[in-house]
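Our numbering numbers the first residue of the sequence shown as 25 and each following residue consecutively.
The C-beta atom is built at its ideal place from N, Cα and C for all residues, glycine as well.
Predicted model, so just to flag it, every value in this text is computed and none were measured.
Note sheet for the following structure.
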Amino acid sequence: MAEQHKKRMVNIEILRLLAMAMVVSLHYLAKGELLEKLTGPLSLQGHLAWILESFSIAAVDVYVLISGYFLVETGFRCRRVISLVLQVMFYTCLLPMFLVITGVLPPGEITFYNILQCVFPTNMLHYWFVSAYVLMFLFTPVLNAAVRGMGRGQLQGAIVLLLIMESLSKTVIPVRLELDNLGYDAYWFMVVYLIAAYIRLYGIPFLEKRGKAILCYILACFGMYLLTMLIRGAYLVTGQFENFIESAYGYNHLLTIGAATALFYIFKNREADGKRPWVSKFICGIAPCSFGVYLLHEQVNVRYEWPFWLGADRCGSPGSLLLHWLGAVLTVMVIGLAVDYLRRLLFQGAGRLFVGGRLDRALRKADARVNGSAQEK
Numbered sequence: 025m026a027e028q029h030k031k032r033m034v035n036i037e038i039l040r041l042l043a044m045a046m047v048v049s050l051h052y053l054a055k056g057e058l059l060e061k062l063t064g065p066l067s068l069q070g071h072l073a074w075i076l077e078s079f080s081i082a083a084v085d086v087y088v089l090i091s092g093y094f095l096v097e098t099g100f101r102c103r104r105v106i107s108l109v110l111q112v113m114f115y116t117c118l119l120p121m122f123l124v125i126t127g128v129l130p131p132g133e134i135t136f137y138n139i140l141q142c143v144f145p146t147n148m149l150h151y152w153f154v155s156a157y158v159l160m161f162l163f164t165p166v167l168n169a170a171v172r173g174m175g176r177g178q179l180q181g182a183i184v185l186l187l188i189m190e191s192l193s194k195t196v197i198p199v200r201l202e203l204d205n206l207g208y209d210a211y212w213f214m215v216v217y218l219i220a221a222y223i224r225l226y227g228i229p230f231l232e233k234r235g236k237a238i239l240c241y242i243l244a245c246f247g248m249y250l251l252t253m254l255i256r257g258a259y260l261v262t263g264q265f266e267n268f269i270e271s272a273y274g275y276n277h278l279l280t281i282g283a284a285t286a287l288f289y290i291f292k293n294r295e296a297d298g299k300r301p302w303v304s305k306f307i308c309g310i311a312p313c314s315f316g317v318y319l320l321h322e323q324v325n326v327r328y329e330w331p332f333w334l335g336a337d338r339c340g341s342p343g344s345l346l347l348h349w350l351g352a353v354l355t356v357m358v359i360g361l362a363v364d365y366l367r368r369l370l371f372q373g374a375g376r377l378f379v380g381g382r383l384d385r386a387l388r389k390a391d392a393r394v395n396g397s398a399q400e401k
């Protein structure tokens, strides 16, 4: 049983890396201005870009599913929050210094607001994902207590009601709802967390067969693209629904969370290769650094620059788009993983200085208090 659990861990780490590559894909396409406007004519290259977008958009939900899948059965740890915030500040504070020293960023372009974004990244929404994720993480003791206090039917009902409110309404009503934040918030992350908890505790039998999960993922992704083209066609004929055209590409759309859940199951039930243990060791060694890829390429001073450094403005045909897209994703992944691996070694060395100290004991007491109150019943 332990061996099977280990194999699944390796598979989930592969999925973690894939999800981050999909995030890079999303940012390259959007910030590289490769997603042609849906309100006008679309070239063949434009259609290809939107198809790539369709197969990448589930990345954020997948990342939250992975977190929820493991966090639902682990206790709350204050050091996780502290470690995450310090990791974020490593990039927000040091990267601008590096850019100034290398001459990429003129010192005069750094404003007081930029400094606040770097020093208080979570509160200043330097990275919207981090701000939403930290808030969700702080609620995990409450969410886990709720999950433990519910039966299977109750949890099912709660998830269905939340999906009706957050996903179904925006999926079927052909207008942009004022409450709809497209999944860019902690509220949606908590809904995804509950779905992950349900998968961990009860599973979704229909998706247990890998072939069905693969089919569902492909259908959901192509469904996003086809639905978008259908709404676009209605707009071109009637002049209506302009604000609704890209609705299928929200993180809280039913097709998006459906694709994310199916993709999660594809890897959850994938057979790991036991003949090459060094491969598994390598994957498990670099996968924890995947979040650093996001923090590096989405840092506020470079997020709109790097796509053009990597040829986004030189994509003149579908073939050229594919080559530049693949090259950009691989380049950002390799550089980001390498940088965060070094950052991780630095943090591990510094962390050993605090083991057993006063701060360490205080954090352990805080963890025990939170987890103890969460388990009282």
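Cut-off 6 Å between Cβ atoms - residues of its own chain near residue i, not counting five sequence neighbours on either side
i: Tyr365; result: Cys313
i: Ser80; result: Met46, Ser49 and Leu50
i: Leu39; result: Phe291
i: Arg256; result: Leu62 and Ile269
8 Å CB neighbourhood of residue i in its chain, flanking five on each side removed
i: Leu278; result: Leu187, Ser191, Leu192 and Thr195
i: Arg338; result: Ser344 and His348
i: Asn138; result: Pro120, Val324 and Asn325
i: Leu53; result: Leu59, Ala73, Leu76, Glu77, Ser80 and Trp349
i: Tyr280; result: Reading off the sequence, residue 280 comes out as Thr, not Tyr. The answer, listed in chain order, is Ile81, Ala82, Asp85, Gly207, Ala244, Met248, Ala272, Tyr273 and Gly274.
i: Arg104; result: Phe161
i: Val143; result: Met113, Thr116 and Cys117
Where residue i falls: helix, strand or coil (DSSP)
i: Lys236; result: helix
i: Lys61; result: coil
i: Thr195; result: helix
i: Leu354; result: helix
i: Arg388; result: helix
i: Gln111; result: helix
i: Asn35; result: helix
i: Ser344; result: helix
i: Arg393; result: helix
i: Phe100; result: coil
i: Asp2; result: Limits of the chain in this structure are 25 at one end and 401 at the other, which puts residue 2 out of reach.
i: Gln264; result: coil
i: Ala398; result: Model confidence at Ala398 stands at a pLDDT of 43, short of 50, so the residue's coordinates are unreliable and nothing is read from them.
i: Leu206; result: coil
i: Val363; result: helix
i: Arg376; result: helix
i: Leu186; result: helix
i: Arg200; result: coil
i: Phe246; result: helix
i: Gly257; result: helix
i: Ala26; result: With a pLDDT of 42 at Ala26, under the threshold of 50, the modelled position of that residue is not reliable, and the figure given next carries that caveat. Looking at Ala26 - three-state DSSP - the assignment turns out to be helix.
i: Ile228; result: coil
i: Arg327; result: coil
Buried or exposed by the 16-neighbour rule on C-beta atoms within 10 Å, applied to residue i
i: Pro17; result: Residue 17 is absent from the model: the chain starts at 25 and stops at 401.
i: His29; result: Model confidence at His29 stands at a pLDDT of 44, short of 50, so the residue's coordinates are unreliable; what they give is reported in the following sentence. Classification of His29: exposed, given that the 10 Å Cβ count is below 16.
i: Pro145; result: buried
i: Cys121; result: The sequence given here has Met at residue 121, not Cys. Under this definition Met121 is an exposed residue.
i: Asn35; result: buried
i: Val184; result: exposed
i: Leu68; result: exposed
i: Thr98; result: exposed
i: Arg172; result: exposed
i: Ile310; result: buried
i: Ala26; result: The pLDDT assigned to Ala26 is 42, lower than 50, so where the model puts this residue is not dependable; a value taken from the coordinates is nonetheless given after this. Exposed is the call here.
i: Phe306; result: exposed
i: Asn276; result: buried
i: Trp152; result: exposed
i: Phe378; result: exposed
i: Gly381; result: exposed
i: Gly64; result: exposed
i: Glu37; result: buried
i: Gln372; result: exposed
i: Trp415; result: The structure shown has nothing for residue 415, since the chain only spans 25 to 401.
i: Val128; result: exposed
Contact set for residue i: own chain, Cβ-Cβ below 7 Å, skip 5 residues either direction
i: Arg176; result: Tyr226
i: Phe387; result: Note that residue 387 is Leu in the sequence shown, not Phe. The answer, listed in chain order, is Cys102 and Arg103.
i: Ala286; result: Leu231, Ala237, Cys240, Tyr241 and Ala244
For residue j and residue i, believed in contact at Cβ under 8 Å, the rounded distance
i: Gly274; j: Leu201; result: Going by Cβ atoms, the distance from Gly274 to Leu201 rounds to 10 Å, so no, they are not a contact pair.
i: Lys55; j: Arg327; result: 6 Å
i: Ala82; j: Ala352; result: Actually they are not in contact, since the Cβ atoms of Ala82 and Ala352 sit about 19 Å apart, beyond 8 Å.
i: Val356; j: His321; result: 5 Å
i: Val96; j: Arg300; result: No, Val96 and Arg300 are not in contact; Cβ-Cβ is about 31 Å, not under 8 Å.
i: Gln111; j: Leu239; result: Not really, about 37 Å apart at Cβ, beyond 8 Å.
i: Ala220; j: Gly375; result: 28 Å between Cβ atoms; not a contact.
i: Met44; j: Val317; result: 5 Å
i: Met189; j: Ala182; result: Actually they are not in contact, since the Cβ atoms of Met189 and Ala182 sit about 11 Å apart, beyond 8 Å.
i: Thr164; j: Phe265; result: Not confirmed; about 38 Å, so no contact.
i: Leu179; j: Met214; result: With a Cβ gap of about 13 Å, Leu179 and Met214 do not count as contacting.
beta-carbon residue i near the ligand ATP non-hydrogen atom, thresh 7 Å
i: Ile81; result: The ligand ATP is not among the ligands present in this structure, which contains no ligands whatsoever.
Report task. Output the residue ranges of the alpha helix (DSSP H) runs that lie fully inside the segment 267 to 325 and measure 4 residues or longer, sorted by chain position. Result -> 278 to 292, 301 to 310 and 314 to 321
**Report entry** alpha helix (DSSP H) runs wholly inside the segment 116 to 181, at least 4 long, in chain order
**Finding:** 136 to 143, 152 to 162 and 164 to 173
Requested in this report: Could you tell me which uninterrupted beta strand (DSSP E) segments, each at least 3 residues in length, are contained entirely in the segment 38 to 96, listed from first to last along the chain?
Outcome: none
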